[in-house]
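See structure below.
Number of protein chains: 2
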Amino acid sequence: MTSTPSSPVDFVRAAVDSEIAEFTERRRAQLLEIGPELKPVMEALEAMLAGGKRLRPAFCYWGWRGAGGGDIPEIYPAAASLEFLQACALIHDDVIDNSDTRRGLPATHKRLEELHGRSGWSGSAAGFGQGSAILIGDLCLAWSDEMYQGSGLPLEALRAGREPFDAMRTEVMAGQYLDMLEQVRGSESVEASLRVMHYKAAKYTIERPLHIGAALAGRYPELAGVYSAYGTALGVAFQLRDDLLGVFGDPEETGKPAGDDLREGKRTLLVAETLERAAADDAAEFRRHLGDPDLTPETVDRMRALATGCGALEACERRIDGYVAQATRALESPLIADEARSALADLIVAATARKH
Amino acid sequence: MTSTPSSPVDFVRAAVDSEIAEFTERRRAQLLEIGPELKPVMEALEAMLAGGKRLRPAFCYWGWRGAGGGDIPEIYPAAASLEFLQACALIHDDVIDNSDTRRGLPATHKRLEELHGRSGWSGSAAGFGQGSAILIGDLCLAWSDEMYQGSGLPLEALRAGREPFDAMRTEVMAGQYLDMLEQVRGSESVEASLRVMHYKAAKYTIERPLHIGAALAGRYPELAGVYSAYGTALGVAFQLRDDLLGVFGDPEETGKPAGDDLREGKRTLLVAETLERAAADDAAEFRRHLGDPDLTPETVDRMRALATGCGALEACERRIDGYVAQATRALESPLIADEARSALADLIVAATARKH
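Chains S and V, in that order, are what the protein sequence lines are.
Under the numbering used here, think of the first position of the first sequence as 48, with each following residue one higher.
Under the numbering used here, think of the first position of the second sequence as 48, with each following residue one higher.
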C-alpha cells in the first residue's frame, strides 16, 4: 500500500524508520564484536527491515492515540518493535514455503545460500541458507521484545501491553501452523480459509497492534471491544485485498510475478469461492492447475477468467465491502479519541483500496 | 548429568518443573481454543520440555542466591523461562543439523513429519516437519520472555535482568551461526572451536544465567566479573566434557548412538586437537572418516584410538582440569553469599564429572 504524504502511515513512518535504524545499529556493533563473520547476518536482516509498509506500527500508534495517548517519543520504539516480529514471521515463512523472493528481492535464506555458493564452502548451500535464516528470524523475534521492553515507556504501561503483545505472538505462530496444515490437507473450504485469515492476518496485522496501543495507554479493558470490531473486520478485508492482488495484481506493484499465488497453490478465499461456485468441469480444471509451479501466463489468464466468470471475484469484493462497512461503523464509538478517528478511517481506505 | 538428591540442581528441579507445567497448561488451553488441530504442536513442545537437566535455571537460581536473593517463589518462573529458550535452541538446532533424535527420542521435526505421514496429507512430510518445528521453536522463544516477564518479580528487577537476558539470546544465536559457519568452512583450528564454545555454550549455559540471577537481585554490576570468571571457565569445561561424552560416552547415558558426534562431523576441540597432534597419516585417516554418516562401530573405535594415542584426549582432560581450577578459584570471592558458594562448588563437579 502506498500512501499520500499526509496518510496516517506516513505520519509514523519516519520516526519508526529511525527507531529501527538506531536499534539495528546497536545490534550490529554487538554482533560484529562477537565475530566479524556475522556481517552477512546483519546485512540480510537490515535488507528485510528496510522494506515493509510499517502497517503494524501505524496501527499500534493510532491505537495508542485513539486511547488518549500523546505523541511522545517513547511510543515509536514500542510500535516499531512489531516490525521485528514481522521480519521473523516473513523470514521463517519464506523458509517454510520455500519461497525464493520477498518483495522482489532474494529471500533471506536465498541470500545466505548465495553467500555459501560464492564462498566455496563445503556442504549443502541450501541447508546453510535455511539454517542461517532460521537463526536470523530467531534474532528478529528476540529483538522484537527487547525493543518493546526498552522503549522507555513506564514499566507499568509495558506490563499492561504484554497481554495483547504476548497473545499476538502465539496467535500468529498458531495461524501459520494452521495455514500450513490447511495446505497439506488440501482444504478447500471457505471456513478454513477464514479461520487462517483471522489468526494469521486479521488479529496479527490490525487488531492486536491496536490492542497493544490501547493497553500501553492504560485503556485496554474499555477499548478492546471496539478495536476488535474494527480490527478483525479490517484485517480480513486487508488480507482479502492482498489475496486478490496476488492473483490479479500488477507485478510491478506486488513485487511478485503475475499469478504467483496460483503457482504456489495458496489456498485463499478466492480459491475456495472459485472451487465452490464454478461448474464441476471448471472447478476441476482450476484445481488441476492450482499449485503448478510451471503455470504459463496463458493458464494464469485462464484461471483468472474462471475465478471471475463464476462470480468468485465478485463475492470476494462484496465481502471486502461488507468488512469495510463493519470497520467503518466500529469507528463511530465515542470511546475513540477524536484525533485518531479520522486516521483510523483513512487506514481503512489505505488497507483495502483496489488500486495501489 | 545426574544428581544426588541433595544436589543444587535437584534443589530447584521440582519447583522449576512445576512452573513449566503450569505455564504450559495455560498455553495449551490458549492454543486449543485457536484450533483443536494444534494439539500435536503442544504435545511436541511438552515432550521437549519434559526432558532436560534444568541446568540453566539452576545457575540462574544460584546466581540469584549468591547475590543475596532469598528463596522466594517468584525466582522460579524467572529461572524456568530459560528452559523455553533452550527448547527453542534445541528444536531449531535439530532442524539445522538435520538430526533425527534428541535425548534418544524423535526430534521435534521428526515427530511432525511422522504425523504428516500417518495422516496421509499431501506434499512433503519432511517439509511439513521442518516447517512445524520452526514454528514450535518460535513459540518457545516467545514464551520464554513471556514467562520471564510474568514471573511476578518487581518490574524494576526484571528490567535490570533484561540486559544479560537479552545479551544471552543474541549470543547464543550468533554462536549457533558461527558453529554452522565453522562446519561449512571445514575449520580445524583450536581457536575457532574455542570461540564457538564460548558463545554457544559457556556464556549461554552458565555465565549468562548467573548474570541474570545477579541482575534480578540488583547486584549485576558488582557480581558480573566474578560470575564471568566462574561461568566462562566452567562453561567451557562443561562443553568439553559433553564433547568427550559425544565420542567416548556410553550410549545408554548420552541417549545418542556411540560415536554419533563423529558421524555428524562435529568440529569439537577434541577433533581440532587430534588433527593438530596426530601424525600426518593418522590425521588424514581421521579426517577422512569424520562426518561419514555410515561409520561402523569398528571405525569409531579406531578414531577413538587415534584421538587417545596422539594425546588429544589427554589434552582435553587437562584443559577441563585447568578450567575447573579457574572456576573453583573464582568462588573464593567474598562477594558471593555463603549459602550459594557450596552449591556453586557442587555444580562444578556435577557439570564436569567424567562418569555420570
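Glycine is no exception: its CB is placed at the ideal position from the N, C-alpha and C atoms.
Note that the coordinates shown come from a computational prediction; the quantities given were computed from them, not determined experimentally.
Membership of Arg314 of chain S in any alpha helix (DSSP H) is not indicated, and neither H nor E is assigned to it by DSSP.
By the neighbour-count definition (other C-beta atoms within 10 Å, threshold 16), Val59 of chain S is a buried residue. Beta-bridge partners assigned by DSSP to Thr148 of chain S: S:Pro153. Between Ala221 of chain V and chain S, the shortest Cβ-Cβ separation is below 8 Å.
Straight-line spacing of the CA atoms in Arg335 of chain V and Met227 of chain S works out to 41 Å. Sixteen is the threshold: when 16 or more other Cβ atoms of the shown chains lie within 10 Å of the Cβ of Leu162 of chain S, as they do, the residue is buried. Assignment of Thr343 of chain V by DSSP, reduced to helix, strand and coil, places it in the coil class. In the same chain as Gly98 of chain S, and ignoring 5 residues on each side of it, the C-beta atoms closer than 6 Å to its own belong to Arg150, in chain order. At least 8 Å separates the CB of His336 of chain V from every CB of chain S. With a minimum length of 4 residues, the unbroken runs of alpha helix (DSSP H) contained wholly in the stretch 260 to 347 of chain V fall at 267 to 295, 298 to 301, 307 to 311, 316 to 324, 327 to 336. In the three-state scheme derived from DSSP, where H, G and I count as helix and E and B as strand, Pro201 of chain V is classed as coil. Along the stretch 220 to 251 of chain V, going in chain order, the ones with a CB nearer than 8 Å to a CB of chain S are Met220, Ala221, Gly222, Gln223, Tyr224, Leu225, Met227, Leu228, Gln230, Val231, Arg232, Gly233, Arg242, Tyr246.
Rounded to the nearest whole angstrom, the C-alpha separation of Ala400 of chain V and Pro55 of chain V is 15 Å. Between His139 of chain V and chain S, the shortest Cβ-Cβ separation is below 8 Å. Check the Cα spacing between His245 of chain V and each of V:Gly164, V:Leu316, V:Pro120: the tightest is with V:Leu316. Within the stretch 101 to 176 of chain V, the complete alpha helix (DSSP H) segments of 4 residues or longer fall at 102 to 113, 122 to 144, 155 to 166, listed in chain order. Along the stretch 362 to 373 of chain S, none of the residues has a CB nearer than 8 Å to a CB of chain V. By the beta-carbon neighbour count (other beta carbons within 10 angstroms, threshold 16), Ser169 of chain S is exposed.
For Glu93 of chain S, no Cβ of chain V is located within less than 8 Å of the residue's own Cβ. Beyond the five residues adjoining it in sequence on each side, Thr346 of chain S comes within less than 7 Å, by CB distance, of His336 in the same chain, given in chain order.
Of the candidates V:Ala374, V:Ala271, V:Gly338, V:Trp111, V:Gly338 places its Cα closest to the Cα of Lys313 of chain V. Considering only beta carbons, the part of the stretch 186 to 197 of chain S lying closer than 7 Å to chain V consists of Leu186, Leu188, Ala189, Asp192, Glu193, Gln196, in chain order.
Of the residues assessed, Ser65 of chain S falls on the exposed side of the cut-off, its CB having fewer than 16 other CB atoms within 10 angstroms.
When the alpha-carbon of Leu291 of chain V is set against those of V:Met220, V:Gly306, V:Gly116, the nearest one is in V:Gly306. By the neighbour-count criterion, in which 16 or more other beta carbons inside 10 Å mark a residue as buried, Glu299 of chain S falls on the exposed side. Residue-level contact by beta carbon fails for Phe106 of chain V and chain S, as no gap is shorter than 8 Å.
Of the residues V:Pro381, V:Ala327, V:Thr301, the one whose Cα lies closest to the Cα of Leu152 of chain V is V:Thr301. Residues of chain S with a Cβ closer than 9 Å to the Cβ of Leu182 of chain V are, in chain order, His139, Ile143, Met220, Ala221, Gln223, Tyr224, Met227. Closer than 8 Å to the CB of Leu85 of chain S there is at least one CB belonging to chain V. If you ignore the 5 residues before and after Leu342 of chain V, its C-beta comes within less than 7 Å of the C-beta of Gly306, Leu309, Arg310, His336, all in its own chain and listed in chain order.
Rounded to whole angstroms, Ala372 of chain V and Ala359 of chain V show a C-alpha spacing of 20 Å. Gly110 of chain V sits close to Leu257 of chain V, with the two beta carbons spaced by under 8 Å.
Here Val273 of chain S is near Ile383 of chain S, since their CB atoms are less than 8 Å apart.
At the C-beta level, Ala134 of chain V and Met194 of chain V stay beyond 8 Å of one another. Taking 8 Å as the upper bound for CB-CB distance, Glu235 of chain V and Leu322 of chain V are in contact here, some 5 Å apart. Neighbours of Trp168 of chain S across chain V, judged by C-beta separation under 7 Å: Val231, Arg232.
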